[in-house]
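K.L.:
One structure, pasted below without further comment.
Residue numbers (our numbering): 629 to 805.
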């Protein structure tokens, strides 16, 4: 029994900054209390796990210290769970290297009062309801041409983002109104 428990403790791996991943570095499981100000998520990461609240998300340990997130070249990211960055102190997120992610889930960035810069995924199809709810420092966002729908459940993706004054949509946009 003791050998079995020891083996389980070595199934997960850590990057150079103590961020916990599954054994093949495809699922980001948990961050330590502090990560670098400009943290780059490994290109091999396919999933960023979450939960039913920000306190159960993979970034729960560093909600008050997180600053900027980007993704390595040729990112394999496909899935971000709801609430992953909800209520955090994140200031910027850059998904420009994420060609496989098609949805930003509900409440993903809700209550991120310091969020000022967002680069959405180039092949994004859906922004779920309230994904940027109450992001009061966000003043500008450019929607990718691939975006099909801004989903709503009485509240749209940018509900209560009181300072959002400019949303760029190109002539080639696929967005349905």
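Cβ coordinates follow ideal geometry from the N, Cα and C atoms, glycine included.
This structure is a prediction, so every number in the text was calculated from the model and none was measured.
What's the call for residue 639, buried or exposed, on a 16-neighbour Cβ count within 10 Å?
P.N.:
exposed
K.L.:
Considering only DSSP beta bridges, list what residue 647 is partnered with.
P.N.:
DSSP lists no partner for residue 647.
K.L.:
Return the residue from the list 795, 787, 711 that minimises the CA-CA distance to residue 773.
P.N.:
795
K.L.:
Check the Cβ-Cβ distances between residue 771 and every residue of chain B, and say whether any is below 7 Å.
P.N.:
Going by chain labels, chain B is absent from the structure shown, which holds only one protein chain.
K.L.:
Identify whether residue 733 lies in helix, strand or coil by the three-state DSSP scheme.
P.N.:
coil
K.L.:
Is residue 782 buried or exposed, if buried means 16 or more other CB atoms sit within 10 Å of its CB?
P.N.:
exposed
K.L.:
According to DSSP, residue 770 sits in a beta bridge with which residue or residues?
P.N.:
In the DSSP output, where bridge partners are listed per residue, residue 770 has 796.
K.L.:
According to DSSP, is residue 631 part of a helix, a strand, or is it coil?
P.N.:
Confidence is the limiting factor: at residue 631 the pLDDT is only 45, short of 50, which leaves the residue's position unreliable and the question unanswerable from this model.
K.L.:
Would DSSP call residue 683 helix, strand or coil?
P.N.:
helix
K.L.:
Leaving out five residues on either side along the sequence, give the residues of the same chain with a beta carbon under 8 Å from the beta carbon of residue 725.
P.N.:
671, 698, 699, 700, 701, 702, 703
K.L.:
Apply the 10 Å Cβ neighbour rule to residue 680 and answer buried if 16 or more other Cβ atoms are within range, or exposed otherwise.
P.N.:
exposed
K.L.:
Distance check for residue 776 and residue 802, CA to CA, integer angstroms please.
P.N.:
5 Å
K.L.:
With 16 other CB atoms within 10 Å as the buried threshold, where does residue 799 fall?
P.N.:
exposed
K.L.:
Just verifying my parser: in three-state terms, what is the DSSP assignment at residue 689?
P.N.:
Per DSSP, reduced to three states, the secondary structure at residue 689 is helical.
K.L.:
When the distance is taken between beta carbons, is residue 740 closer than 7 Å to residue 716?
P.N.:
Yes, these two residues count as a Cβ contact at 7 Å.
K.L.:
Taking the alpha-carbon positions, what's the residue 766 to residue 688 distance?
P.N.:
22 Å
K.L.:
In angstroms with no decimal places, state the Cα-to-Cα distance between residue 784 and residue 744.
P.N.:
19 Å
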